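K.L.:
Just passing along the structure, written as structure tokens.
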Amino acid sequence: MSPRPLLCLCLLAFAVAGLRLPAAATVVPADTLAVIGWSPSPQAERAPAALREELAALPWDEAGETLEALLAHAAAGETVGPLRGVARTMQTLFTEAGPVDGVIAACPAAGAVLEGERLPLPVGGFALAAGAPERPAWFAALGGLALVARFDAEGMARIGRLLDALASCEGLAGRSLTDGDAALRLDVYRAGGLLPLAVGRAADVLVLSASPERARALLERALAEPEAPLLPAMPGAAGGLAVDLDFAAAGRLLAPDAERHPGAARLAATLNTLGHFQARLGSESGGLASRSRLAVNPDGGDAALRDLLLCRDCAVDPDVAAPAGTVGVSSRYLNLSGWLDYADGWVRHASGGEQTLRGWLTREYGLDPDALLLDWIGDEVHRIELAPLDSRLGSLVWLPPQALVLPVTDDAAAREGVEALLEALAALPLEAMLAERAGADLGMLASTQWARREASYRGVDVTRLHAGPFASLAWAVADGRLILATPARAMEPMLDAVLAGERPAGLPVRGGAPDGAHAIARVDGPATYRGLEELFAALAQPAAYVTRLGLETATGGVGSQAAGGETTVGPLAGRISLPEGATSVSVEGVLAPAQGAGRHFRLQGLPTDRPVTVELTSDTFDTYLSLIDVDAGGIVRENDDAPDTSRSAITFWPRQGTDYWVRVGSYGDSGAGPYRLAAAVAERAADLPAPAESLDVSDGPASVSGTLGPERRPLLYRLESMDEPREVSVALASSAFDTYLYLVDPVTGAVLAENDDAPDTTRSALEFVAEPGREYWLQVDSYQGGGAGAFTLSASTGPAASAAPEVLQPVATEEIEPQGLTVGGEPVTGRLGGAAAAPVQQDYAMDGLAPGDRVQVDLEAGAFDTYLYLIDAASGRLLMENDDYAGSLDRSRLTFRVNPEREYVLRVGSFGGEGTGPFRLELTRLATAGAVPAERPAPPTFGELLTLYGLLPDATGVLARHLAPGGGYGVVEGDTVRSESVLPWRED
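Here it is, written out as structure tokens:
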């Protein structure tokens, strides 16, 4: 058996160094249908002391804290990429609100435990076990599933507190099945019509199962044998990652259907013959080891399969030619004819004896496998790995060079057979077959063409095949061997080795395999690990950078809206106040290394009729400046380089009554040193640069093209006034930069509306109702002020408008009917559209709010795509909005903390403003003003992420220094097929 699986999973084996459990009866029974798990290895401490010391010296704790902070942001649904997908999946897997939200809503005490304590890890092992159900149906199989885990005393204490909290909650409909046994606790919970969830513990073992009976049985075994390992024992191996599959037990499940369904009888015989499979991967005294055993049942009922598996005359000769520097050779006995005969038997049985696989291939595609392949191919296959995977471009694009070597009985017959096989494959309607299977156009794949080139190397004919930019292979027949090499350039060193009879240096010939082995593998573990170390090291920094960039984009970094809508700005370092009549002010300071998260300053005395420019400069670090709207709870603008790394600048129009802070930081939160922060205002809004051009849409759509210069200064355009109210649509598009569009009042300089990305596009768009006789200005800018290039600005009008402008206007709260929407009260219901008197939007005032309360608003509708707005009642300014909560189109949610100086209005709407149907609106208080919210850690810095991602190459490098070349084999012993692979510890 090849030792390659070790390369993917070996790092996990060292996390358990020093943990031991004495052998005893196991908690999970040996006759369990399937088990996947891990248990501490009793031999892990026998690994070289230097290896364990080097691994222990790596920053595991620091990386763990970084990972915890990263997952905290993923759990809030704010991180991009895979973490966001995982978080959303977990939130919607079992219930509409998600399991965590559901538990917190139904059981506040459990929510407090979940928020206040870190859930423990199973340091004593875990197992996911599937017991045999009474009938082979999916719903019955679920009842046999159980998760079993062993914890230390502190971990069990934490779990106990969570179980106590769950038991105290009436909303979870739980009941106890403990029956007065203090040493065994078992509770059962139900969620709607789902299967029950049994949660129990005994001694240091926790069990989760859909079957209370199965959970109790496992807990009783744990009590009977307190020191017992979790997993079933495997001869010759203990601890590590484990897989146990009882095929015979699965076969017995099919027995009741065998008489009625012949296919079930054949499948049951196959499973009974396969018997029982076990595999273990872990650290042993001799090295990293992977062991497996298949206990074949010779009387299981499938004699053909038995003979194939227990072949006593299927020994392989591993003495194969390979170039110097080869890092791996895997050899296996190849009984193609026997396995094709076996497949013929299955097809014959399934078709009632009417056809075979050979006959079907010949009839449907004109392929005769005997003539094309079996008449000339030998009974061995050798896989040669010429180099390890590393960070070179060629290695990443084409994978490392490798080759397959198959002995042939006749060189000429082999050449003819390969040519005939290629010709037959070329004649197949593969494009139509794939398109039919895919059910769609194959796009680029459909137009892929193979290029064939003939060449000769050292007197051997070589055929090279290329498809597209990445597929490259070559084949040749030489000295009684068919050689397939990929990429094609690997053929020449392979032919050199075959013609010269060269053997790979540094790899043992048999790898410790006994005589009669049907599979033998040899691998240069250190070389492979060094290649992986190089690859991981090359990927660590880009991965950390992209993750940090995603966090900054999704969460706005420190100062962003945290879970629940709270503003997580840090303590104020000072204030920047513009004295009356002054046009600029500045402060100087020093960003210390410990202040990587930045320093915050409040802006005071800002005018509302003129734009303000805030500038951050430093000669010692790469500056990064953020503008924060504290009331809205988020970063409104950011800038890195303007135009170089030592300067960041943001220009904006302050809004009346808004509390603005700025964050002084460094790119990647890794810089330190002196800085200067300055704020300056324009003389007057009326003195702003005159618009470049005018757009007149009175007679139809109009557009203008322009260029945002390298100085990145925004451009202004005048929208001519109209004679009557008109719906106006404005769009800004550019292929050169990320657009940002503002609607500006030219009299006051105030921003009336703004947009970054229009729905499902990269352009910016605004829609509003223009008042008659009023002039509007359009400001063309780039996101964060960091872009330049060509753009197109277009505008058009719709019919005369009688509705209120889309620009949010102040809402008179005394004119709103609250309809009983009270925090903590009963939900209200309403309806959008669908009738002459039914509005397309509805506004609600909120009662019962107290300053400092943390409030959650939920909008649900089954008939339309919901959209929920939170508006400042005095100014009409949009504070927060949400379209799809947790990926659900018909659900929106907002969470915010009540500002004592603000009155709020909730607006219920639909995406696009066209939805109709009933809705449900609910207001919930999550925390009172006196409650201390759980703090979520700041997003990890670039340096912290680099440390986290650097663990993989660092640990891989440690392994490379302490491993020697090793190997593995597979052999038949009696009625058992046994295999093992070992990468030994380096003796020096």
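Residue numbers for the sequence shown, in mature numbering (1 follows the signal peptide of the UniProt record, and there is no 0): -25 to -1, 1 to 963.
No residue lacks a Cβ here, since even glycine has one placed at the ideal position from N, Cα and C.
Being a predicted model, the structure only gives us computed values, none of them experimental.
Which partner residues of Gly823 appear in the DSSP bridge assignment?
P.N.:
Counting from one through the sequence shown, the residue named residue 823 turns up at place 848. Gly823 pairs with nothing; no bridge assigned.
K.L.:
Just reading off the alpha helix (DSSP H) that Pro382 is part of, what are its end residues?
P.N.:
Within the sequence shown, residue 382 is the residue found at index 407, counting from 1. Unbroken run through Pro382 is the beta strand (DSSP E), Gln377 to Pro382; no alpha helix (DSSP H).
K.L.:
Tell me the residue span of the beta strand (DSSP E) that contains Leu807.
P.N.:
Within the sequence shown, numbered from 1, the residue matching residue 807 stands at position 832. From DSSP, the beta strand (DSSP E) with Leu807 extends over Val803 to Leu807.
K.L.:
Give me the Cβ distance between Gly808 and Gly925, rounded to the nearest whole Å; I'm assuming they're in contact under 8 Å.
P.N.:
Along the sequence shown, read from residue 1 onward, the residue named residue 808 stands at position 833. Along the sequence shown, read from residue 1 onward, the residue named residue 925 stands at position 950. Actually they are not in contact, since the Cβ atoms of Gly808 and Gly925 sit about 55 Å apart, beyond 8 Å.
K.L.:
Given that a residue counts as buried once 16 or more other Cβ atoms are within 10 Å of its Cβ, and exposed if not, what is Trp636?
P.N.:
In the sequence shown, the residue the question calls residue 636 occupies position 661. Burial call: buried.
K.L.:
Is Gly52 helix, strand or coil by DSSP?
P.N.:
As a working note, residue 52 is residue 77 in the sequence shown. Note that Gly52 has pLDDT 37, beneath the 50 cutoff, so the model's placement of it is unreliable and no number is given.
K.L.:
To the nearest angstrom, how far is it from the Cα of Ala5 to the Cα of Ile495?
P.N.:
The residue labelled residue 5 in the question sits at position 30 within the sequence shown. The residue labelled residue 495 in the question sits at position 520 within the sequence shown. Rounded to whole angstroms, Ala5 to Ile495 spans 30 Å at the Cα level.
K.L.:
How many whole angstroms separate the CB atoms of residue 965 and Leu843, which I take to be in contact at a CB cut-off of 8 Å?
P.N.:
With the chain running from -25 to 963 in the structure shown, residue 965 is simply not present.
K.L.:
Look up Ser184 in the DSSP assignment and give the residues it is bridged to.
P.N.:
As a working mapping, residue 184 is identified with position 209 in the sequence shown. BP columns for Ser184 point to Ala121 and Ala173.
K.L.:
Got a sec? Which residues, its chain only, sit under 6 Å from Leu249 by beta carbon, not counting five neighbours each side?
P.N.:
By one-based count along the sequence shown, residue 249 stands at place 274. Phe222.
K.L.:
Please report how far the alpha carbon of Ser560 lies from the alpha carbon of Ala655, in whole angstroms.
P.N.:
Looking up residue 560 in the sequence shown gives position 585. Looking up residue 655 in the sequence shown gives position 680. This sequence places Val at residue 560; Ser is not what is there. Their Cα atoms are separated by approximately 7 Å.
K.L.:
On the three-pair Cβ rule with 8 Å, is the segment 646 to 654 touching the segment 588 to 598?
P.N.:
Yes, they touch.
K.L.:
Report yes if the C-beta distance between Gly941 and Val498 is below 8 Å; otherwise report no.
P.N.:
One-based indexing of the sequence shown puts residue 941 at position 966. One-based indexing of the sequence shown puts residue 498 at position 523. Yes.
K.L.:
So for Gly506, helix, strand or coil by DSSP?
P.N.:
Counted from its first residue, the sequence shown places residue 506 at position 531. Here Gly506 sits in helix by DSSP.
K.L.:
Below 7 Å CB to CB, which residues in the same chain sit around Pro928 once its five sequence neighbours on both sides are set aside?
P.N.:
Counted from its first residue, the sequence shown places residue 928 at position 953. Glu508, Phe511, Ala512 and Ala515.
K.L.:
Helix, strand or coil, according to DSSP, for Ala190 in the structure here?
P.N.:
Position 215 of the sequence shown holds residue 190. Reduced to three states, the DSSP call for Ala190 is helix.
K.L.:
Between the C-alpha atoms of Leu33 and Gly130, what's the straight-line distance to the nearest angstrom?
P.N.:
Walking along the sequence shown from the start, residue 33 turns up at place 58. Walking along the sequence shown from the start, residue 130 turns up at place 155. Each residue's Cα considered, the two are about 24 Å apart.
K.L.:
Whose C-beta lies closer than 6 Å to the C-beta of Ala362 among residues of the same chain, with five residues either side of it excluded?
P.N.:
In the sequence shown, the residue the question calls residue 362 occupies position 387. Same-chain partners within the cutoff: Pro375 and Pro376.
K.L.:
Classify Asp277: buried if its beta carbon has 16 or more other beta carbons within 10 angstroms, exposed otherwise.
P.N.:
As a first step, residue 277 is located in the sequence shown; it is residue number 302 there, counting from the start. Buried is the call here.
K.L.:
Under DSSP, the beta strand (DSSP E) around Leu342 begins and ends at which residues?
P.N.:
The sequence position of residue 342 within the sequence shown is 367, counting from 1. Neither: Leu342 is in no beta strand (DSSP E) and is coded neither H nor E.
K.L.:
Spell out a yes or no on whether the segment 291 to 311 and the segment 330 to 340 are touching, meaning 3 or more CB-CB pairs, one atom from each, closer than 8 Å.
P.N.:
Contact fails: fewer than three Cβ-Cβ distances are below 8 Å.
K.L.:
Based on the DSSP secondary-structure assignment, which residues constitute the bridge partners of Asp594?
P.N.:
Residue mapping note: residue 594 aligns to position 619 of the sequence shown, counting from 1. Answer is none; Asp594 lacks a bridge partner.
K.L.:
Tell me whether the segment 1 to 16 and the segment 199 to 206 touch, counting them as touching only if at least three CB pairs, one residue from each stretch, are closer than 8 Å.
P.N.:
Result yes; three or more Cβ-Cβ pairs closer than 8 Å.
K.L.:
Output yes or no for whether 8 Å exceeds the beta carbon distance between Gly100 and Asp179.
P.N.:
For the purposes of this step, residue 100 is taken as residue 125 along the sequence shown, with counting starting at 1. For the purposes of this step, residue 179 is taken as residue 204 along the sequence shown, with counting starting at 1. Going by C-beta atoms, Gly100 is not nearer than 8 Å to Asp179.
K.L.:
State yes or no: is the C-beta of Leu342 within less than 8 Å of the C-beta of Ala399?
P.N.:
To locate residue 342, count along the sequence shown from 1; it is residue 367. To locate residue 399, count along the sequence shown from 1; it is residue 424. Cβ atoms of Leu342 and Ala399: closer than 8 Å.
K.L.:
Is the CB-CB distance between Tyr432 and Glu477 below 8 Å?
P.N.:
In the sequence shown, residue 432 corresponds to position 457, counting from 1. In the sequence shown, residue 477 corresponds to position 502, counting from 1. For Tyr432 and Glu477, no; Cβs fall outside 8 Å.
K.L.:
State yes or no: is the C-beta of Ala132 within less than 8 Å of the C-beta of Leu161?
P.N.:
If you number the sequence shown from 1, residue 132 lands on position 157. If you number the sequence shown from 1, residue 161 lands on position 186. No; because the gap between Cβ atoms is not below 8 Å, this pair is not in contact.
K.L.:
Looking only at DSSP bridge pairs, what is Leu716 linked to?
P.N.:
Here residue 716 refers to the residue found at position 741 when the sequence shown is read from its first residue. The partner list for Leu716 (beta bridge, DSSP) reads Asn730 and Val755.
K.L.:
Using the Cβ count rule (16 or more neighbours within 10 Å means buried), how would you classify Arg110?
P.N.:
Translated into positions along the sequence shown, residue 110 becomes position 135. Confidence is the limiting factor: at Arg110 the pLDDT is only 48, short of 50, which leaves the residue's position unreliable, though a coordinate-based value still follows. Exposed, because fewer than 16 other Cβ atoms sit within 10 Å of the Cβ of Arg110.
K.L.:
Tell me whether Pro489 is buried or exposed, calling it buried when 16 or more other Cβ atoms sit within 10 Å of its Cβ.
P.N.:
Numbered from 1 along the sequence shown, position 514 holds the residue referred to as residue 489. It counts as exposed.
K.L.:
Quick check on DSSP: helix, strand or coil for Phe576?
P.N.:
For the purposes of this step, residue 576 is taken as the residue at position 601 of the sequence shown. Residue state, collapsed to three classes: strand.
K.L.:
According to DSSP, simplified to helix, strand and coil, what is Pro649?
P.N.:
Walking along the sequence shown from the start, residue 649 turns up at place 674. Residue state, collapsed to three classes: strand.
K.L.:
Whole angstroms are fine: how far does the CA of Thr870 sit from the CA of Leu198?
P.N.:
Sequence index remark: in the sequence shown, residue 198 carries index 223 (1-based). Sequence index remark: in the sequence shown, residue 870 carries index 895 (1-based). About 46 Å.
K.L.:
Assess, as a yes-or-no matter, whether the segment 434 to 443 is touched by the segment 258 to 265 under the definition of 3 or more beta carbon pairs within less than 8 Å.
P.N.:
Taking 8 Å as the limit for Cβ pairs, the verdict is that the segment 434 to 443 does not touch the segment 258 to 265.
K.L.:
Look at the Cβ atom of Phe627, then the Cβ atom of Leu591, and state whether they are nearer than 8 Å.
P.N.:
Here residue 627 corresponds to residue number 652 of the sequence shown, with the count starting at 1. Here residue 591 corresponds to residue number 616 of the sequence shown, with the count starting at 1. Contact flag unset, no.
K.L.:
Pull the bridge partners of Val703 from the DSSP assignment, please.
P.N.:
For this step, residue 703 is matched to residue 728 along the sequence shown. Note: Val703 sits in a beta bridge opposite Phe743 and Thr772.
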